[in-house]
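Chemist:
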Amino acid sequence: MKGLAITLFLMAALCGYAQEQMHMPPRVGMEVPEDVRQSSLYGKSIVLFGDSYVQNSQCPIEESWHYKLAAKYNMDYHNYGLNGNCIAYDRTDEGCGAPLYQRVGELPEAADYVIVCCGHNDAVIMQRNGESPAFFRSRMEILCRELAEKYPHAKMGFVTPWRIPPDMLLAMQEVCTEYNMALFDATRHSGIHVRFRGFRCLYFQGPDDMAHLNARGHDLVAPKMEKFLLAL
-19 MKGLAITLFL MAALCGYAQE QMHMPPRVGM EVPEDVRQSS LYGKSIVLFG DSYVQNSQCP
41 IEESWHYKLA AKYNMDYHNY GLNGNCIAYD RTDEGCGAPL YQRVGELPEA ADYVIVCCGH
101 NDAVIMQRNG ESPAFFRSRM EILCRELAEK YPHAKMGFVT PWRIPPDMLL AMQEVCTEYN
161 MALFDATRHS GIHVRFRGFR CLYFQGPDDM AHLNARGHDL VAPKMEKFLL AL
């Protein structure tokens, strides 16, 4: 019984630690390059919302591409990442929280940028259960509608996982188009080759990890994500 309690505690710790807590400005007192100061991102507030892609799994949040870009542009950074979280599926009983569409109320009342990075765990559950993306799509529509209502003036975008089924990617593309939200297709445009073990050895948190970048991986993808944010 004691061993079971310890196991459950560790599972909750790995799945269920939500961030939120990061408020910059990390560049205060530093000389800021003129091109950075003149950027549309400079000094704005940004909310990151999602799963372990946002929480950065078991590595420091300071190593993530989104934290580094927020630091570069002196942004007010809010991290709402939750390991194991889903867009559509409730994993509260596993310690991984309610789905994103039910968590919008946790987010701050105002933001200039809202970026959602999620879907990896949805894809795993869908494939395990042999489901079509219909349920996922219906919940993503709710999420987008609630985000649009909460942040009518914010610039919003979604970032896909490194690898998801084509029908799920299509559902994400269609819903984002319906709600006029940008979508970064990380399955094709991120430069992250998750299928190759040699690549994962260099850029992921372990050779068998199919989701979580290490510091080098975040540095690799950061320039492409920076272009995505600047284009919003």
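Mind the numbering: the sequence shown is residues -19 to 212 in the numbering used here, read in order. Here a beta-carbon is modelled for each residue, glycine too, at the ideal position from N, C-alpha and C.
Determine the direct distance from the alpha carbon of Asp147 to that of Ser112, and round the result to whole angstroms.
Modeler: Near 8 angstroms, if we compare the C-alpha coordinates of Asp147 and Ser112.
Chemist: Phe164 lies in the beta strand (DSSP E); which residues open and close that run?
Modeler: It spans 162 to 164 - the beta strand (DSSP E) in which Phe164 sits, taken as one unbroken run.
Chemist: Using 8 angstroms for Cβ pairs, my map puts Leu49 next to Glu206. What's the rounded Cβ distance?
Modeler: That belief holds up - the Cβ atoms of Leu49 and Glu206 are roughly 6 angstroms apart, short of 8 angstroms.
Chemist: Tell me which residue opens and which closes the beta strand (DSSP E) that Leu28 is part of.
Modeler: Segment 25 to 30, the beta strand (DSSP E) holding Leu28.
Chemist: My output table needs one value for Asp199: the three-state DSSP class, helix, strand or coil.
Modeler: Asp199 falls in the helix class under three-state DSSP.
Chemist: Using only CA atoms, which one of Asn54, His169, Cys76 lies nearest to Tyr60?
Modeler: Nearest of Asn54, His169, Cys76 to Tyr60, Cα basis: Cys76.
Chemist: Helix, strand or coil for Thr53 per DSSP?
Modeler: Before going on, a small fix: residue 53 reads as Tyr here, not Thr. Correct three-state label for Tyr53: coil.
Chemist: Does the beta-carbon distance from Leu212 to Ala162 come in below 9 angstroms?
Modeler: Closer than 9 angstroms, so yes.
Chemist: Buried or exposed, going by whether 16 or more other CB atoms sit within 10 Å of the CB of Thr72?
Modeler: It counts as exposed.
Chemist: If you check the beta carbons only, do Val84 and Ala134 fall under 9 angstroms apart?
Modeler: No.
Chemist: Hey, quick one: how far does the beta strand (DSSP E) through Met299 stretch, first residue to last?
Modeler: The question about residue 299 has no answer here: the residues shown for the chain are numbered -19 through 212.
Chemist: Comparing C-alpha positions only, which one of Phe208, Asp199, Ser37 sits nearest to Thr140?
Modeler: Minimum Cα distance to Thr140 is reached at Phe208.
Chemist: Report the CB separation of Asn63 from Ser25 in whole angstroms; it is logged as a contact under 8 angstroms.
Modeler: That belief does not hold up - the Cβ atoms of Asn63 and Ser25 are roughly 24 angstroms apart, past 8 angstroms.
Chemist: Kindly provide the ranges of any alpha helix (DSSP H) runs that are 4 or more residues long and lie completely inside the stretch 80 to 117, ordered along the chain.
Modeler: Listed in chain order, the complete alpha helix (DSSP H) runs (minimum 4 residues) inside the stretch 80 to 117 are 100 to 109.
Chemist: I'd like the list of long-range same chain contacts for Arg195, defined as Cβ closer than 6 angstroms, with 5 residues on each side in sequence excluded.
Modeler: Going by the sequence as given, residue 195 is Ala instead of Arg. Glu43.
Chemist: Gly186 to Ile105, Cα distance in whole Å?
Modeler: When rounded, the distance between both Cα atoms is 22 angstroms.
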